[in-house]
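In the working numbering, the protein residues as written are 12 to 205.
We put the beta carbon where it would ideally sit given N, CA and C, even for glycine.
Read the structure below first, then the notes.
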Amino acid sequence: MQAITVYCGSSTELEPEFHSAAEIVGREIGNQNITLVYGGGCIGLMGEVAKSAALHSARIVGVTTHKLVEHEQANESCDELIVVETMQERRSIMMERGEAFLVLPGGIGTYEEFFEVLVGRQIGDHAKPIGLVNVRGYFDPMKEMLEHGIEQRFMRPALRELLFYDPNPTAVIDYVTSGTSSQPPPEDILPMHG
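Below is the structure:
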């Protein structure tokens with residue numbers, strides 16, 4: 012694997028466990044000689060994962076917007092910093108440049124990115140693995156929401172096969188780099204099939 016796209020938050024007021032998970036993700040990406048593709052930020056978990064990855068000799072590709080640069084949130088020390096006009100462009104580049112997706116806790120932007128890659132996986136636009144680092148059970152409510160959607164028949168049970176959750180960042184890195192993810196056939200995953 013050459014590049015992993017990491018989605019995570021930029022909040023600076025977080026419990027230490029969240030920062031520790033981001034540091035481990037960056038370290039493991041660097042130790043495995045993988046390029047980090049991420050949102051280009053220098054604060055919060057984004058800043059933590061990029062700093063750690065850089066300390067462990069990873070190549071860093073940041074993708075951000077002109078508006079975020081104006082707010083002084085861009086990491087100018089990226090090996091490649093791509094600055095675009097819109098969040099839609101940013102998400103598109105981040106999806107394209109990564110061969111797997113790793114999601115750390117974050118806010119609504121992180122959720123938006125996650126759901127976009129999940130929908131892309133569901134409809135077969137890509138077959139890239141998706142792993143979530145479930146620090147302190149952060150993603151438990153989202154898992155429950157997806158299960159509720161499955162129970163109410165808005166989603167197919169095969170949706171579960173598209174996601175890997177673990178509180179251990181190393182386990183999630185191992186999963187997304189293992190090449191073990193598989194794509195269910197359309198009749199198993201798309202809601203319009205009976």
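- Looking at the backbone, the Cα of Gly109 and that of Tyr18 are separated by about 11 angstroms.
- In the DSSP annotation of this structure, the continuous segment of the alpha helix (DSSP H) that includes Ala32 starts and ends at Pro27 to Asn42.
- Under the DSSP definition of a beta bridge, Phe175 partners with Gly142.
- For Leu113, the enclosing beta strand (DSSP E) stretches over residues Phe112 to Val114.
- With a beta-carbon spacing of about 14 angstroms, Thr181 and Glu28 fall beyond the 8 angstroms limit used to define contacts.
- For Gly50 against Val80, the beta-carbon gap comes to about 12 angstroms, at or over 8 angstroms, which does not count as contact.
- Beta bridge pairing from DSSP links Ile184 with no other residue.
- A direct Cα-Cα distance of roughly 11 angstroms separates Gly117 from Ala33.
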